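There are 2 protein chains.
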Amino acid sequence: MTRNLKEHILQTASELFYSQGIKSTGVDAIVKAAGTTKMSLYKYFPSKDDLVLAHLSKSRAAMLAQLQIEIEAQADTPKQKLLAIFDMFAKLVKSPDFRGCPFINAAAEFAVENNPVQQAAAEFYAEFRKLLADLAVLAGIANAEQLAGQLVLLIAGAIVDEQMHRHTGAMQNAQAAAKILIDNSQPVASS
Amino acid sequence: MTRNLKEHILQTASELFYSQGIKSTGVDAIVKAAGTTKMSLYKYFPSKDDLVLAHLSKSRAAMLAQLQIEIEAQADTPKQKLLAIFDMFAKLVKSPDFRGCPFINAAAEFAVENNPVQQAAAEFYAEFRKLLADLAVLAGIANAEQLAGQLVLLIAGAIVDEQMHRHTGAMQNAQAAAKILIDNSQPVASS
DNA sequence: AACAGACTATACCGACCGGTATAGTCCATT
DNA sequence: AATGGACTATACCGGTCGGTATAGTCTGTT
Chain A
1 MTRNLKEHIL QTASELFYSQ GIKSTGVDAI VKAAGTTKMS LYKYFPSKDD
51 LVLAHLSKSR AAMLAQLQIE IEAQADTPKQ KLLAIFDMFA KLVKSPDFRG
101 CPFINAAAEF AVENNPVQQA AAEFYAEFRK LLADLAVLAG IANAEQLAGQ
151 LVLLIAGAIV DEQMHRHTGA MQNAQAAAKI LIDNSQPVAS S
Chain B
1 MTRNLKEHIL QTASELFYSQ GIKSTGVDAI VKAAGTTKMS LYKYFPSKDD
51 LVLAHLSKSR AAMLAQLQIE IEAQADTPKQ KLLAIFDMFA KLVKSPDFRG
101 CPFINAAAEF AVENNPVQQA AAEFYAEFRK LLADLAVLAG IANAEQLAGQ
151 LVLLIAGAIV DEQMHRHTGA MQNAQAAAKI LIDNSQPVAS S
């Protein structure tokens, strides 16, 4: 039960942070939802900021792992894997619990530039882009970095769009655009 | 000086809301920055929420007007006008005061679904999309609505991306993608 | 049986939050 | 000169914020 409590508090905090927003979630609310006390929370997380950073770090790892699984599960070509990522996000966006991207939302809540929260958000998107760029390289695309950047824009834009107007199929629209961009990308000069 | 004070308070609040975030900006801070008192603020805006909504409404009108001007200033073809919008946002994103999209940020700060703040954000993006769709129709594009939606995704995504990693040219990358999407869109069946 | 450590219970702290009450100043119109 | 409305000054309200202090409970180990 000892190492479990820290994880349990973090899990509870994560859900509240994501569903209600970080600044709107007080420490007391987390403590009550987790069925514990402030003393225990502050034992494992010396400040609310630490808890917030832990939440973002956990979300980052979880999301990247999920992406990796989704990519490897697909036994198809790299190009099909790229498109499958849009399917995954389309599913994610359909969930009733969907409330936008936790990193974008956190970056919006913590406005000060170079804030640790913003840096955490930036790091996730940098890793996400790299993951897409690696796939694009495998797909034999010459301007892989540029294409990966564009796919990130489409996905981030669709997440934000779905957050505001729900169930408008923004992610499918993004995928349709992605298809065109991929098909129009230059192949590497073949031997 | 009478009608000026209301506008002055709103202007001050707008700047603080945008630069620091809405929830992080207290009424006292607005009052102090505007050089007035709480009594005057609450005379014109019966609650902070009203002030927030007024801020979003003002920002929406300002942004749409700026877009209209930019579009009409271009004496070029509708297709060139569509691309010119990306230039405008590229300039906007370069400003040292840039801190993301006020509507996306506000929607992220106010998590509760169907919150008035979220609705205001959604309304802006709906109008923005319509504006692009009208241009796409003029450009003789058959699937104008779909294309407009995709351009919105690219722009919103680039704004969010630039908010996290500054000065990476995300908006130029979005424009490059937009060119491809426009060139690959189906023309209306001509007579 | 005794000890240690994880965890709980609760009361408290100063600071700040959005919002209000009361009183007073300034100035233009009549 | 007097009235009235716009605006200021300031003190206050209850509530919540993040964070801490103190004390007690419960349980596994020796």
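Sequence lines, in order, name chains A and B.
Heads up: the first sequence begins at 1 in the UniProt record's numbering, then just goes up one per residue.
Heads up: the second sequence begins at 1 in the UniProt record's numbering, then just goes up one per residue.
Beta carbons are placed, not taken as given, at the ideal position from N, Cα and C, and that holds for glycine.
Keep in mind the model is a prediction, meaning the values are calculated, not measured.
Residue i versus residue j: straight-line alpha-carbon distance, rounded
i	j	result
ALA34(A)	PRO78(B)	56 Å
GLY26(B)	LEU53(B)	15 Å
ALA108(B)	ALA108(A)	6 Å
ALA90(A)	VAL188(A)	30 Å
GLU127(B)	ILE9(A)	42 Å
HIS165(B)	GLN119(A)	8 Å
ILE141(B)	ILE182(A)	21 Å
GLN186(A)	VAL137(A)	11 Å
ALA111(A)	LYS58(B)	21 Å
ALA170(A)	TYR125(A)	19 Å
ASP161(B)	ILE104(B)	12 Å
LEU132(A)	LEU82(A)	7 Å
LEU135(A)	ALA178(A)	14 Å
SER14(B)	THR37(B)	17 Å
GLN150(A)	GLY21(B)	28 Å
ARG129(A)	GLN172(A)	19 Å
ASP50(B)	LYS43(A)	40 Å
ARG60(A)	ILE180(B)	32 Å
ASN184(B)	ILE30(B)	49 Å
VAL152(A)	ASP76(B)	30 Å
GLN80(B)	GLN68(B)	14 Å
Cβ of residue i within 9 Å of any chain A Cβ
i	result
HIS165(B)	yes
ALA139(B)	no
PHE89(B)	no
PHE103(B)	yes
SER19(B)	yes
ALA84(B)	no
SER14(B)	no
SER24(B)	yes
residue 218(B)	Lying before the first or after the last residue shown, residue 218(B) is absent from chain B, which here runs from 1 to 191.
ALA170(B)	yes
Within chain A, partners of residue i - CB distance below 7 Å
i	result
ARG99(B)	ALA111
LEU154(B)	LEU153, LEU154, GLY157
ILE71(B)	The premise fails here: ILE71(B) is roughly 21 Å from chain A at the closest Cβ pair, so nothing lies under 7 Å.
VAL160(B)	ILE104, ALA156, VAL160
ALA54(B)	Chain A residues near ALA54(B): none, gap ~20 Å exceeds 7 Å.
Sheet register partners of residue i (DSSP bridge)
i	result
ILE141(B)	PRO187(B)
The alpha helix (DSSP H) enclosing residue i, as first and last residue numbers
i	result
SER40(B)	38-44
PRO78(B)	78-94
residue 194(A)	Since the first residue of chain A shown is 1 and the last is 191, residue 194(A) is not available in this structure.
ILE22(A)	Taken as a continuous stretch (DSSP letters only), ILE22(A) belongs to no alpha helix (DSSP H), as it is neither H nor E.
ASN114(B)	Where ASN114(B) is concerned, there is no enclosing alpha helix (DSSP H), given that its DSSP letter is neither H nor E.
heavy atom of the ligand SAH below 8 Å from residue i C-beta
i	result
ALA61(B)	This structure lacks the ligand SAH, and indeed carries no ligand of any kind.
Residue-level contact to chain B via CB, residue i, 9 Å cutoff
i	result
TYR125(A)	yes
ASN173(A)	yes
ALA121(A)	yes
GLN146(A)	yes
ASP134(A)	no
VAL93(A)	no
GLY35(A)	no
ALA176(A)	yes
GLN150(A)	yes
Chain B contact residues for residue i, given Cβ-Cβ distances below 9 Å
i	result
ASP28(A)	Residues of chain B passing the Cβ test: none, with the nearest at roughly 17 Å.
GLN118(A)	GLN163, MET164
Listed by chain order, chain B residues near residue i by CB distance under 7 Å
i	result
ASP49(A)	What ASP49(A) touches in chain B: nothing, since even the nearest Cβ is about 14 Å away.
ALA108(A)	GLY100, ILE104, ASN105, ALA108, GLU109
Within chain A, the residues that residue i reaches when beta carbons sit closer than 8 Å
i	result
ASN184(B)	ILE180, ASN184
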